[in-house]
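Asks:
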Amino acid sequence: MPSSLSSGLLYTAAAVSALTVLGHTKMGYDEVFPSLKNLAAAGDIGAGAAKIGWMEVNQGFFVMAVLCAKWAKYGVRGPYDKALLGMFASTQLWAGWSYLQLGITEPLVPLWGIPALVGLSQLV
């Protein structure tokens, strides 16, 4: 069983991850998809793929929310949980770094904040 501090950090990570799904979807419809509309109308299949990819990212945040809630109750156990955590953290760090290289900083909160909360939960 994780400590109450560890559980609190993991439940916070779960909440942030779940809220990220909503924010990411809203940003897609408000900002990203309108920008892609003209490209798609011109026959650019990359625009369609970008829209699909944008929405597909939400599944990762949803799965992480579920895993964080599970880990808050039962702990990060065994090689499968640890492999999932390691894969998630490394891909989020890479994605955040990629956004930072483009000068886009808003995604850094969920991309680096969620893995940081989960990592910190394992140290306390």
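Under mature numbering (1 follows the signal peptide of the UniProt record, and there is no 0), the letters of the sequence shown match residues -18 to -1, 1 to 106, in that order.
We put the CB at the ideal spot given by N, CA and C, even for glycine.
Quantities reported herein were computed from a predicted structural model and do not represent experimental measurements.
1) What span of residues does the alpha helix (DSSP H) with Asp63 cover, start to end?
2) What does the Cβ neighbour count give for Gly78, buried or exposed, with the cut at 16 atoms within 10 Å?
3) Excluding the five sequence neighbours on either side, which residues of its own chain have a C-beta within less than 6 Å of the C-beta of Pro97, listed in chain order?
4) Can you look up Glu13 in the DSSP assignment and give me helix, strand or coil?
5) How far does the alpha helix (DSSP H) with Val48 in it extend, from its first residue to its last?
6) Going by beta carbon distance, what residues of the same chain come within less than 8 Å of Val48, once the five residues before and after it are set aside?
7) Using three-state DSSP, classify Leu1 as helix, strand or coil.
Replies: Here's the rundown:
1) 60 to 83
2) Classification of Gly78: buried, given that the 10 Å Cβ count is 16 or more.
3) Ala71, Gln74
4) Glu13: helix per DSSP, three-state reduction.
5) 27 to 56
6) Ala(-5)
7) helix
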